[in-house]
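S.K.:
Number of protein chains: 2
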Amino acid sequence: MALAYALLSSLLVDGSQSGYDVVKCFDEQISCYWRATHQQVYKELREMEKKGWTCSETIAQTQRPNKTVYSITDLGRQELTAWVLQPSQPTAIREELMAKLKSGFLVPPTALIAELARRQQIHQAGLNALKAMEATDFPTVFTAGAKSLSYEARLYHLALRRGIRYESEWVEWCEEAIQAIGDYQQ
Amino acid sequence: MALAYALLSSLLVDGSQSGYDVVKCFDEQISCYWRATHQQVYKELREMEKKGWTCSETIAQTQRPNKTVYSITDLGRQELTAWVLQPSQPTAIREELMAKLKSGFLVPPTALIAELARRQQIHQAGLNALKAMEATDFPTVFTAGAKSLSYEARLYHLALRRGIRYESEWVEWCEEAIQAIGDYQQ
DNA sequence: ATTTAATATTAAAATATTTGCATATTATTT
DNA sequence: AAATAATATGCAAATATTTTAATATTAAAT
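Residue numbers (my numbering), protein chains in the order written: chain E, 1 to 186; chain Y, 1001 to 1186.
#1: Quick check on G104/E - is its C-beta less than 7 angstroms from some C-beta in chain Y?
#2: Hey, would you say Y151/E sits closer than 7 angstroms to F1105/Y, going by beta carbons?
#3: Give a yes or no on whether the minimum CB-CB distance between K1147/Y and chain E is below 7 angstroms.
#4: Give the interface partners of R64/E over in chain Y, defined as CB-CB distance under 9 angstroms, in chain order.
#5: Name the DSSP beta bridge partners of W1034/Y, please?
#6: Y70/E by DSSP, collapsed to three states: which one?
#7: Would you verify that the beta carbon of M1098/Y is, or is not, closer than 7 angstroms to some beta carbon of chain E?
#8: Taking the beta strand (DSSP E) that T54/E belongs to, which residues open and close that run?
#9: Should G19/E go down as buried or exposed, given a rule of 16 or more other Cβ atoms within 10 Å for buried?
#10: With three or more C-beta pairs closer than 8 angstroms as the rule, is the stretch 1159-1179 of chain Y touching the stretch 1114-1124 of chain Y?
#11: Confirm, please, whether the CB-CB distance from T140/E to S148/E is below 7 angstroms.
#12: Under DSSP, the alpha helix (DSSP H) around V1141/Y begins and ends at which residues?
#13: Would you say Y1070/Y lies against chain E (beta-carbon separation less than 7 angstroms)?
#14: Would W1173/Y pass as an interface residue toward chain E - the criterion being a Cβ-Cβ separation below 7 angstroms?
#15: Just the Cα atoms here: how many angstroms apart are E44/E and C1025/Y?
#16: Between W34/E and the rest of its own chain, which residues show a CB-CB distance below 6 angstroms, the 5 nearest in sequence each way excluded?
#17: Taking Cβ-Cβ distances shorter than 9 angstroms, what residues in chain E pair up with T1136/Y?
#18: Hey, quick one: how far does the alpha helix (DSSP H) through R1165/Y stretch, first residue to last?
#19: Mind pulling the chain E residues with CB within less than 7 angstroms of D1183/Y?
#20: In the stretch 70-85 of chain E, which residues sit with their C-beta less than 9 angstroms from some C-beta in chain Y, listed in chain order?
#21: Please decide whether I93/E counts as near chain Y, where near means a Cβ-Cβ distance under 7 angstroms.
#22: From A4/E to E1079/Y, what distance separates their C-alpha atoms?
#23: Per DSSP, what kind of secondary structure is Q1017/Y in: helix, strand or coil?
#24: Let's see if you can read the secondary structure: which residues bound the alpha helix (DSSP H) around L106/E?
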C-alpha cells in the first residue's frame, strides 16, 4: 500500500512521468528509502488510475517507443495528504548478514572478513552515489548551508541525509566488524 | 528462506527451544536484525523438521501447557553452514517516513515535527533496550573491553553493535530533521 | 467463582514482493 | 544487414509477510 503513496509522492514532487521514468527515478534516488521493481511500478500506476488517484496520457514519440505519462490527480493529492498525516511504524529489519554473523563461527574467519569487506564496498559505493546526488541536486548546501534550500527541497534533502547516514553507518560498522574478527586470527 | 536460517542460527547459538521460546527470543533480541511473527516461526519450525533440519521432542509440563522443543540437526547445521558461506545482499529499504517527508509540505510543519518526535522516542526506546541487552549479556565488554569475549560471543556482539548504531543513527537523524523543519517555522 | 494474563500452538486469507518470462520500438554499434 | 543496447511495458507464478481468527492449558488476580 505504501508503494502507491511512494509513487504519488514522486509524481507530485518530481512531476508527471512515464512508468519507465518513475522506475529510473526509483532506481537512482528513491531506492534509498523505497525499493520497487518495474513490475510493481507499472501495475500500481495502472491501479491508481482505476481509483482516480492518477491520470494518464499517451505520448507519441518518433525517436523512441511511445509512452504513457502519469500525473497525480486532485483526489490522489488528497489521499496522499491523508496518508502523510498518519503515523508510521519503523520498518521491520531483515538483515541476512547479521544472522550469518551470529552463526559465523561455523565458517573460517577469512570467509567472514571477505564478505564484510565486500559489503563495505557495496555500502561505500552507495554512499558515494548519494553524496554525488546531494552535490548535484542540492549544490547550494555546500556553499550557503541547508538553510538556503526551499522548504520542499529541504524536506527531500532530509530524506537524502538519512540515506547518507545509513550508508555511512554501514561502512563504519563493517570496519569495526573486520577489525574485531581480525583480533581472533593469528 | 532466510527466516529458516535465522531460526537455525538461534537454535544453534541460543540452544534448543520451543516455538514459544524462539518467538520470545526473536521479539527481544533477534528483531534488531530479523523480525518474524509467531505464525511464521511455528510454521517454519515444522517445515524444517520435515526436511530434517530440525527435530522436535514433546515436553510434558505440569505448571504450564505442554510444549514442543526443537533442536538443530547435523543436516540443519550443514545447511546453515552452507548458507553462511553465501554472499548476501543488503536488504531492500522501505521506509514510509521518508516518502512522507518527501511530500511533507502538504501538511502543517507541526504535524511533521510531532511525528518525528514520536519516531525519535521509539528509536530512543529501542536504543535503550539494546544497550540494556548489551549490559546484561556482555557485561565484561564495559570492564575488560570487547576483546575479552569469546569468538562466538564477539560475533553476536557485533550484530548487537550494529543494532545500537542503527538506532543511534535514527535518533540523531530525527533530531536533525526536527531542527531543520523548525528553521522554516515562525 | 470469574476474569485476566501468560504460556503454547495452529489455520488460512489477504497483501506484498520477487522472480521469470515476454514483447515491441528505435538508435547505435559491429 | 545483423546484433546490441536503451526505451517502454506487461503477465503470471512463486515466495514471503501480514493480518485475522482460532484453540487450549495453567497461574494469578479480582
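We put the beta carbon where it would ideally sit given N, CA and C, even for glycine.
M.R.: According to the data block:
#1: Looking up residue 104/E in the first sequence gives position 104. At a cut-off of 7 angstroms between beta carbons, G104/E contacts chain Y.
#2: In the first sequence, counting from the first residue as 1, residue 151/E sits at position 151. In the second sequence, counting from the first residue as 1, residue 1105/Y sits at position 105. Result yes, Cβ atoms of Y151/E and F1105/Y sit closer than 7 angstroms.
#3: Position 147 of the second sequence, counted from the start, is the residue given in the question as residue 1147/Y. For K1147/Y, the answer is yes, since a Cβ of chain E falls inside 7 angstroms of its Cβ.
#4: To locate residue 64/E, count along the first sequence from 1; it is residue 64. Here the premise fails: no neighbours, minimum Cβ distance about 28 angstroms.
#5: The residue labelled residue 1034/Y in the question sits at position 34 within the second sequence. Answer is R94/E, bridged to W1034/Y.
#6: Locating residue 70/E in the first sequence gives position 70, where the first residue counts as 1. In the three-state reduction of the DSSP assignment, Y70/E falls in the strand class, which pools E and B.
#7: Position 98 of the second sequence holds residue 1098/Y. At least one chain E Cβ lies under 7 angstroms of M1098/Y.
#8: Translated into positions along the first sequence, residue 54/E becomes position 54. Counting along the chain, the unbroken beta strand (DSSP E) around T54/E starts and ends at 54-59.
#9: Position 19 of the first sequence holds residue 19/E. Per the 10 Å Cβ criterion, buried.
#10: When C-beta atoms of the stretch 1114-1124 of chain Y are compared with those of the stretch 1159-1179 of chain Y, three or more pairs fall below 8 angstroms, so the two segments count as touching.
#11: If you number the first sequence from 1, residue 148/E lands on position 148. If you number the first sequence from 1, residue 140/E lands on position 140. It is a contact, given that the beta carbons lie within the stated cut-off.
#12: Numbered from 1 along the second sequence, position 141 holds the residue referred to as residue 1141/Y. Here the alpha helix (DSSP H) through V1141/Y covers 1140-1144.
#13: Locating residue 1070/Y in the second sequence gives position 70, counting from the first residue. Not one chain E Cβ lies under 7 angstroms of Y1070/Y.
#14: Looking up residue 1173/Y in the second sequence gives position 173. Yes, W1173/Y lies at the interface with chain E (some Cβ there is under 7 angstroms from its Cβ).
#15: Taking the first residue of the first sequence as 1, we reach residue 44/E at position 44. Taking the first residue of the second sequence as 1, we reach residue 1025/Y at position 25. E44/E and C1025/Y: Cα-Cα distance of roughly 37 angstroms.
#16: Your numbering for residue 34/E matches position 34 in the first sequence. The beta carbon of W34/E sits closer than 6 angstroms to those of A6, all from its chain and outside the five residues before and after it, given in chain order.
#17: Residue 1136/Y sits at position 136 when you count from the first residue of the second sequence. Result: empty, since nearest Cβ-Cβ is about 17 angstroms, beyond 9 angstroms.
#18: Here residue 1165/Y corresponds to residue number 165 of the second sequence, with the count starting at 1. From DSSP, the alpha helix (DSSP H) with R1165/Y extends over 1151-1182.
#19: What you label residue 1183/Y is simply residue 183 of the second sequence in a count that begins at 1. Under the 7 angstroms cutoff, chain E gives K147.
#20: Taking a C-beta cut-off of 9 angstroms against chain Y, the contacting residues of the stretch 70-85 of chain E are R77, L80, T81, W83, V84, L85, listed in chain order.
#21: Here residue 93/E refers to the residue found at position 93 when the first sequence is read from its first residue. Between I93/E and chain Y, the shortest Cβ-Cβ separation is below 7 angstroms.
#22: As a first step, residue 4/E must be located in the first sequence, where it is residue number 4. As a first step, residue 1079/Y must be located in the second sequence, where it is residue number 79. For A4/E and E1079/Y, the gap between their C-alpha atoms comes out near 38 angstroms.
#23: On the second sequence, position 17 is the one that residue 1017/Y refers to. It is a strand residue.
#24: Counting from 1 along the first sequence, the entry for residue 106/E is found at position 106. Note, L106/E: premise wrong, no alpha helix (DSSP H); not H, not E.
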